[in-house]
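Novice:
There are 2 protein chains.
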Amino acid sequence: MINYPNKKTTFVEKKITHSNRGMSFENMINDTNEYYLAHNIAVIHKKPIPIQIVKVDYPSRSGAVIKEAYYKVPSTTDYNGIYHGHYIDFEAKETTSTSSFPLSNIHPHQIEHLSKIEEHGGISFILIFLKKLDQVYLLETKYLLSFVMRSKVGRKSISFAEIQEFGYLIKESYSPRIDYLKIIDEIIKKG
Amino acid sequence: MINYPNKKTTFVEKKITHSNRGMSFENMINDTNEYYLAHNIAVIHKKPIPIQIVKVDYPSRSGAVIKEAYYKVPSTTDYNGIYHGHYIDFEAKETTSTSSFPLSNIHPHQIEHLSKIEEHGGISFILIFLKKLDQVYLLETKYLLSFVMRSKVGRKSISFAEIQEFGYLIKESYSPRIDYLKIIDEIIKKG
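The listed protein sequences derive, respectively, from chains S and Y. Quick note: the first sequence uses the working numbering, first residue -14, plus one each step. Quick note: the second sequence uses the working numbering, first residue -14, plus one each step.
(1) Give me the Cα-Cα distance between residue 162(Y) and residue 150(S), rounded to the nearest whole angstrom.
(2) At the 9 Å Cβ level, is residue 126(Y) part of the contact set with chain S, yes or no?
(3) Checking 9 Å against the spacing of the C-beta atoms, do residue 79(S) and residue 62(S) come in under that value?
(4) Can you list, in chain order, the residues of its chain whose CB lies under 7 Å from that of residue 120(Y), leaving out five sequence neighbours each side?
(5) For the alpha helix (DSSP H) containing residue 15(Y), list its first residue and its last residue.
(6) Hey, out of 29(Y), 58(Y), 85(Y), 132(Y), whose CA is closest to residue 146(Y)'s CA?
(7) Let me see if you follow: with CB-CB separation under 9 Å, is residue 33(S) close to chain Y or not?
(8) So residue 96(Y) packs on residue 50(Y), CB below 8 Å; how close in whole Å?
(9) Does the separation of the CB atoms of residue 65(S) and residue 29(S) fall below 9 Å?
(10) Applying the criterion that 16 or more other CB atoms from any shown protein chain within 10 Å of the CB defines a buried residue, is residue 81(Y) buried or exposed?
(11) Could you list the residues in the segment 76 to 108 of chain Y with a C-beta less than 9 Å from some C-beta on chain S, going in chain order?
(12) Give the residues of chain S in contact with residue 67(Y), contact being defined as C-beta atoms less than 9 Å apart.
(13) Of the choices 39(Y), 55(Y), 33(Y), 45(Y), whose alpha-carbon is the least far from that of residue 41(S)?
(14) Quick check: the segment 124 to 140 of chain Y against the segment 105 to 114 of chain Y, are at least 3 beta-carbon pairs closer than 8 Å?
(15) Which residues of chain Y have a Cβ atom closer than 7 Å to the Cβ of residue 169(S), listed in chain order?
(16) Give a yes or no on whether the minimum CB-CB distance between residue 61(Y) and chain S is below 9 Å.
(17) Pick helix, strand or coil for residue 40(S), following the three-state DSSP scheme.
(18) Would you identify the three-state DSSP class for residue 100(Y), choosing helix, strand or coil?
(19) Could you confirm whether any beta carbon from chain Y is found closer than 9 Å to the beta carbon of residue 176(S)?
(20) Is the beta carbon of residue 36(Y) closer than 9 Å to that of residue 38(S)?
(21) In three-state terms, what does DSSP make of residue 62(Y)?
(22) Shortest alpha-carbon distance to residue 24(Y) belongs to which of 136(S), 101(S), 58(S)?
(23) Considering just the uninterrupted stretch of the alpha helix (DSSP H) at residue 121(S), what are its terminal residues?
(24) Beta-carbon within less than 7 Å of residue 15(Y)'s beta-carbon, same chain only, minus the 5 sequence neighbours each way: which residues are those?
(25) By the criterion of Cβ-Cβ separation under 9 Å, what are the contact partners of residue 147(Y) in chain S?
(26) If we define contact as Cβ-Cβ less than 9 Å, is residue 23(Y) a contact residue for chain S?
(27) Checking the sheet assignment: what are the DSSP bridge partners for residue 87(Y)?
(28) Which word fits residue 69(Y), buried or exposed, when buried means at least 16 other C-beta atoms lie within 10 angstroms of its C-beta?
(29) Distance, Cα to Cα, residue 93(S) vs residue 142(Y)?
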């Protein structure tokens, strides 16, 4: 983390931050996607939570009530959609850790899914919210995969320094909240 | 429906049909997508059913039980994914009607979603299972939209003859069950 002892104003600006507004990371991303949709920039949605429904009651004509259901392990990622003809796919994770992002936060089949998306010509990545630094990074799947490979023989997490080196910092803004497509523009430009 | 009075064998072949195998349309599509995934042809998944969770119990450490939840109206389609770098998005519907497909089967925001996908450079369509004919058709969004436009001033359904004229018949096969990507190949070729 960088301190700017001579720039007091940056601390004022800092109030416009991710955590200070009391919104969950998921809601911030949903807001961003709604912004993209409303401005016809992209069509990206959060997938519903996968659930195994066991029992449903029909107490009235007006509708069904699910009385017993269980959370299922997701087989894909939370978000996908389209941007400028590109298939976009990502998972969003947050950590309260002060030093590293544990890879156990991401399910193995989510990692496999992200990898397959790249293979088929899509753009896939993870968004990582480092709560202690109040920063959001976009990490491309290729880097995620190399850290996953490393975890098989060594360290099981990605250090903040590594996230900062290999990921893209997403600048804070009001609207859209987490403008990750700005980073995708850079990635597309690089080809 | 065409009859082949001189070709008795076609009726034997006919036993390899969609309905005869007792599988739901959704399962046939899921099987098809699993085939595509297993053969590394495409990554297309069904989205989970959108549900509003109201009450969750934690009776044991092993897991949460959802005790009260409601079905939500889907804001997007059921299926999306990637094929040869193309974003793919579709909705699947079946009808037991003997003459037409009622447009009320598709939610207005699903139609809007399909339309947006085309606008952003993706490939979107609906799969229609005509149970009485035991046939599955792929209808591109552009045709669906023109029938929706017509429904505002006239007929509220698409006749079988229209589906057969503007849609693509998906040939029956064992594996994959409903090989809709073969049609997508044709659509991509046409540009």
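Built from N, CA and C at the ideal position, the CB exists for glycine as well.
Specialist: Inspection of the coordinates gives the following:
(1) 46 Å
(2) no
(3) no
(4) 154
(5) 10 to 23
(6) 85(Y)
(7) yes
(8) In fact, because the Cβ distance is near 36 Å, the residues do not count as touching under 8 Å.
(9) yes
(10) exposed
(11) 98, 101, 102, 104, 105, 106, 107
(12) 65, 72, 74, 101, 102, 105, 106, 107
(13) 55(Y)
(14) yes
(15) None at all; the shortest Cβ gap to chain Y is about 13 Å.
(16) yes
(17) strand
(18) helix
(19) no
(20) yes
(21) coil
(22) 101(S)
(23) Segment 120 to 125 is the beta strand (DSSP E) holding residue 121(S); no alpha helix (DSSP H) there.
(24) 31
(25) Going along chain S, no residue has its Cβ under 9 Å from residue 147(Y), so there is no contact; the nearest lies around 28 Å.
(26) no
(27) 142(Y)
(28) exposed
(29) 45 Å
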